[in-house]
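Shown next, in structure tokens, is the structure this report addresses.
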Amino acid sequence: MKDSEARSGTALTQAPQFPRRLNTGPAWFWFLLPAGVITLVFFFAPVIITLVISATNMSTITGLTRWEWVGFGNYERLLSLPQTVRRFWITLRYVLFTLVFFNVGMALLIALITTHIPRQLGTFFRAVWLLPRITPVVAYVFMWQIMAAAPPHGVITSNILEPLGGPTGNLLPANAFLFIVLVNGFIGASFGMIIFTSAIESIRQDIMVASLVDGASKLQRIRYIILPQIRWPLLFVTTYQTLSLLTSYEQILVLTGGRWGTEVWALWAFNVGLDDYYGFFQYGLGAAIAAVLVIMGILFALLYMRYFRFNELLHEPRIDVL
Amino acid sequence: MKMELVNLSKKFGDVYAVKNVSLAAEDGELVALLGPSGCGKTTTLLSIAGVYRPTEGEILFNGLCVNKMQPKERDIGMVFQSYALYPHMNAYQNIVFSLVLRKRPKDEMERAAKRVSEMLGIGHLLKRKAAELSGGQQQRVALARALIKEPKLLLFDEPLSNLDARLRLSMREEIKRLQVQLGITSIYVTHDQVEAMTMADRVAVMHDGELLAYVPPEELHERPRTEFIATFIGSPSMNLADVTVDNTGGSAHAVLKNGVSVKIPKERLPRMPQRGNAVRLGIRPEDVSVVAERSADVQARVTFVESLGRENLVVCDVGGQRIQCLTGPGQKPPLDSTVGLKLDMSRAHYFDPESQVSLLWEN
Ligand SMILES: Nc1ncnc2c1ncn2[C@@H]1O[C@H](COP(=O)(O)OP(=O)(O)O)[C@@H](O)[C@H]1O
Ligand SMILES: [Mg+2]
């Protein structure tokens, strides 16, 4: 240990002589400027504008000129609205189920299976899972609507349920939640699938072999080697997909329009702020609803960082003396 | 444990990576698999480990065919060139991993880890992750991980190739000492002939997937069975010259292309190839010496001199024939000078120029 102390001692006395020069002058400012401007304009500005609007009573009635500041008025209203709690739970359930069963769960399962079978077969299966993502949303959702429709058009009803003597109406109203999870899940799984597959395939071959020689079965190898090795991609996909699911509503809008208990938070913000049937758009309240999403997103991200023990991914410097 | 390969072949696609290899390692023996990069050493080792299925042939452990056994059933320890420590585990977790998989009790793990880490002098490093260890330390951890299972067979895949020269030397000694002390049958893959010659009880020389020789190290050097082995073993490598053997009149001579002839001692007279009397003469640089011109066998011009530290490498030209020789520290003839060379023909080798098989030693 004396050795390393000695070394850090030298480093301390030498430091001011050489690296300091690089930090002087405003050069760093100019280097950061382009990226900084882009970040400000496209990432921070929308958030700040949303927060600002959420503090006003702006709507189609007030227009852009006659609005007034209302402080936390919109948020207080949100808290008092009877739908709020319900929508909160719908959103949480929707995000959780889609994430666990599809965007991360199914993605991981496909990645694991397709990397443990012959290569070409694996590539084929993964290609199949990409189809929902490359189909236009409207066509894709329309397909699901046909799937759920009542006979004679409904795929499930006329081919499976009717012959068996089951219920024959449109399946969507009674099972709307299940359908929005499926519709989003089948699209969402391919993202994680691609990332997990490439992460698994880039695990060093020697440690894969070493684990077999150490006596691991294929399942044990997944648990003790593969999963820990793809912890970063897992964290990334989980975080990224949570945020996407929290803010995405297009498929739900097209499939149910938010009816039958499927109005998730983002769709609610859209409906209140930009899509009222009578043309009464409440920009202020809509912005407040959206702002809650931003906060939820940040909370989730922090939670994941903690759970995946971000700190442990960094390690101490090595000391090259035996 | 005795390990045997019987006509082992392994194909990748249409290409043989290992072709018809047969050898047996006796209980407690250290066998080196020696050969240039890409000759199929790793493939052979991974077949023994059970990671690859042999395409043809059998692998026997104590006479029992293990072809169908999973790696985990084979009771082997393996050490890799890249160390292959699990990056997300610390040294201790790496070492006891095989026991964790077998769900052994914690105190047993701790005892076993203590035993092997003391044996390897890494007791103070157990809490570190692989990235926080130097190459030598990582290799010790990897060795501990292989030994904790008390394997019946140890497999080494170029374990020292990534270490610096000095560390390589001390680790070489240490691995050999441990192997002898524990008496574990070992297969040691290397492309470094010095490593193979110093550590192994027997050396298996591989080339293009085939086994060329399987003999003790001394024999490999002293009695090479083929021209490839003769030139592959020894550094700098053996001089080769096409000669004709003139066996008329009482004594035999090797006649070089330029007419210079050197006497062949009776006890070192080669068999003649099937056709003619043209053979390839091989003589190691250490068996050629620079001498005064009157006692020389041939006259040569010095084209290159290189100091190797303890000795000098002198490259000469004998009428168009290149001959390398090793000389003592004081002996450093100037470039372009003419010197006399004495060839120690009692240590010469002869090969059939067509089949490249030795004309001295039985195959
Ligand atoms: N998994 C593999 N798939 C296809 N070819 C391989 C594979 N492993 C090795 N080979 C080929 O087999 C030959 C022998 O390789 P290897 O056993 O790694 O040689 P060595 O360890 O002696 O350097 C090489 O030509 C290599 O390209
Ligand atoms: Mg190799």
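Heads up: the sequence lines are chains A and B, in that order. Mapping the first sequence onto the working numbering, position 224 (from 1) lands on 775, and the numbers just tick up by one. Mapping the second sequence onto the working numbering, position 41 (from 1) lands on 429, and the numbers just tick up by one. Ideal Cβ positions, reconstructed from N, Cα and C, are used throughout, including at glycine.
According to DSSP, is residue i part of a helix, a strand, or is it coil?
i: residue 458 (chain B); result: coil
i: residue 558 (chain A); result: Caution applies to residue 558 (chain A), whose pLDDT of 42 falls short of 50 and renders its modelled position unreliable; the model cannot decide the point.
i: residue 567 (chain B); result: helix
i: residue 803 (chain A); result: helix
i: residue 495 (chain B); result: helix
i: residue 848 (chain A); result: helix
i: residue 654 (chain A); result: helix
i: residue 563 (chain A); result: Note on residue 563 (chain A): pLDDT 42, under 50, position unreliable in the model; no value is reported.
i: residue 833 (chain A); result: coil
i: residue 815 (chain A); result: coil
i: residue 692 (chain B); result: strand
i: residue 590 (chain B); result: strand
i: residue 450 (chain B); result: coil
i: residue 749 (chain B); result: coil
i: residue 390 (chain B); result: coil
i: residue 410 (chain B); result: strand
i: residue 771 (chain A); result: helix
i: residue 649 (chain B); result: strand
i: residue 676 (chain B); result: strand
i: residue 780 (chain A); result: helix
i: residue 542 (chain A); result: Any answer about residue 542 (chain A) is impossible in this case: the structure gives chain A only from 552 up to 873.
i: residue 614 (chain B); result: strand
i: residue 527 (chain B); result: helix
i: residue 620 (chain A); result: strand
i: residue 656 (chain B); result: helix
i: residue 639 (chain B); result: coil
i: residue 644 (chain B); result: strand
i: residue 822 (chain A); result: helix
i: residue 735 (chain A); result: helix
i: residue 667 (chain A); result: coil
i: residue 760 (chain A); result: helix
According to the neighbour-count rule (16 or more other Cβ atoms, all chains shown, within 10 Å of its Cβ), is residue i buried or exposed?
i: residue 589 (chain A); result: exposed
i: residue 466 (chain B); result: buried
i: residue 395 (chain B); result: exposed
i: residue 596 (chain A); result: exposed
i: residue 546 (chain B); result: buried
i: residue 569 (chain B); result: exposed
i: residue 715 (chain B); result: buried
i: residue 517 (chain B); result: buried
i: residue 423 (chain B); result: buried
i: residue 740 (chain B); result: buried
i: residue 453 (chain B); result: exposed
i: residue 623 (chain B); result: exposed
i: residue 858 (chain A); result: exposed
i: residue 592 (chain A); result: exposed
i: residue 724 (chain B); result: exposed
i: residue 685 (chain B); result: buried
i: residue 682 (chain B); result: exposed
i: residue 527 (chain B); result: buried
i: residue 425 (chain B); result: exposed
i: residue 737 (chain A); result: buried
Practice item. Below 8 Å between beta carbons is the criterion; list the residues of the region 749-773 of chain A that meet it against any residue of chain B, in chain order. Key: 755, 757, 758, 760, 761, 762, 763, 764, 765, 766, 767, 768 and 771
Review point. If we count Cβ pairs, one from each stretch, closer than 8 Å, do we get three or more for the region 811-824 of chain A versus the region 680-694 of chain A?
Key: no
Exercise for review: Check each residue of the region 455-467 of chain B: if its Cβ is closer than 7 Å to any Cβ of chain A, include it; give the result in chain order.
Suggested key: 459, 460, 464 and 466
Review point. Which of the residues in the region 780-809 of chain A, read from start to end, lie with their CB under 8 Å from any CB of chain B?
Key: 780 and 782
Practice item. Closer than 7 Å, Cβ to Cβ, to anything on chain A: give me those residues from the region 549-568 of chain B, in chain order. Key: none
Exercise for review: Inspect the CB distances between the region 618-627 of chain A and the region 738-746 of chain A and report whether three or more fall short of 8 Å.
Suggested key: no
**Study point:** Members of the region 582-609 of chain B near chain A, C-beta cut-off 7 Å
**Key:** none
Check your understanding: Any residues in the region 468-484 of chain B with a beta carbon nearer than 7 Å to a beta carbon of chain A? Which ones, in chain order?
Key -> 468, 470, 472, 474 and 476
Check your understanding: In chain order, what residues of the region 412-429 of chain B put their CB closer than 8 Å to some CB of chain A?
Key -> none
**Study point:** Shell residues, 5 Å Cβ cut-off relative to heavy atoms of ligand 1
**Key:** B:400, B:405, B:425, B:426, B:427, B:428, B:429, B:430 and B:431
Check your understanding: What residues in the region 485-514 of chain B have a beta carbon less than 7 Å from any beta carbon of chain A?
Key -> 485, 486, 489 and 490
Practice item. Count the C-beta pairs between the region 674-687 of chain B and the region 726-735 of chain B that are closer than 8 Å, then say yes if the count reaches three, no if not. Key: yes
Check your understanding: Listed in chain order, which residues of the region 428-446 of chain B have Cβ atoms closer than 8 Å to some Cβ of chain A?
Key -> 434, 437, 438 and 439
Review point. Pairing CB atoms from the region 416-433 of chain B with CB atoms from the region 593-605 of chain B, are three or more of them under 8 Å?
Key: yes
Exercise for review: For the region 467-479 of chain B and the region 526-540 of chain B, state whether three or more C-beta atom pairs, one from each stretch, are separated by less than 8 Å.
Suggested key: yes
Point to revise | Stretch-stretch touch, CB-based, cutoff 8 Å, three pairs: the region 548-555 of chain B with the region 484-501 of chain B | key: no
Check your understanding: Touch check for the region 392-412 of chain B and the region 494-509 of chain B: three-plus C-beta pairs under 8 Å?
Key -> no
**Study point:** Against chain B: residues of the region 599-618 of chain A by CB proximity under 8 Å
**Key:** none
Practice item. Using a Cβ-Cβ cut-off of less than 8 Å, list which residues of the region 644-670 of chain A approach chain B; keep chain order. Key: none
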